[in-house]
Amino acid sequence: MAGETPITVVGNVVADPELRFTPSGAPVANFRIASTPRTFDRVTNEWKDGDTLFLSVSVWRQQAENVAESIKRGDRVIVVGRLGQRQYEKDGERKSSYEVQAEDVGPALKNASAQVTKNGQQQRAQGYGQGYGQQAPQQGYGAPQADQWSTQQPRQGYTDEPPF
């Protein structure tokens, strides 16, 4: 990540994410967020809004589909990614826009709650969903990954039980 500008932004989604697919079939979701700093003015005893920063966000692959299904206009989100700048010409003027290539997007839970649902496709990619009585691959793509946060010891060997 040398030479790239990492960024974390908390803001409100300005418009519903737009899900598109590249010619090769890779999903990409694009949306914009607005982040407005607030400061407390002790003289007037009021909160004051600063200048709003508008950023475009793009997110790829499975996460793009998850964002398109989960995030909507008005939601407060946390976006972690890399900041990039695009230059273009409009009406004879040279302009710039900033875009975040998102690594992670999630709801901000300061004033909201969320229900997390894991994708079935992700579970299959980790070796689950292979059908009862079938042994999951033990190495390579599709092999079950150890859960570093699990308090249970992983089971070894063949089992007819479902993986949950």
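The number in my numbering is simply the position in the sequence shown, starting from 1, with 1123 added.
Just so you know, even glycine gets a beta-carbon here, dropped at the ideal spot from N, CA and C.
A quick note: this is a predicted structure, and the numbers were derived from the prediction, not measured.
Assignment of alpha helix (DSSP H) within the stretch 1149-1197, counting only whole runs of 4 or more residues, yields 1184-1193 in chain order. The residue among Ser-1193, Arg-1209, Asp-1227 with its C-alpha nearest the C-alpha of Ala-1237 is Ser-1193. Residue burial annotation: Phe-1154 is buried, with at least 16 other C-beta atoms found within 10 angstroms of its C-beta. Secondary structure of Gly-1134 (DSSP, three-state): strand. Excluding five sequence positions before and after Arg-1205, the CB atoms of its chain that fall closer than 8 Å to its own CB belong to Met-1124, Glu-1127, Thr-1128, Pro-1129, Ile-1130, Val-1223, Gln-1224, Glu-1226, given in chain order. With three or more CB-CB distances shorter than 8 Å, the stretch 1187-1201 counts as touching the stretch 1128-1147. In the DSSP assignment, Ser-1219 falls within the unbroken beta strand (DSSP E) covering 1216-1230.
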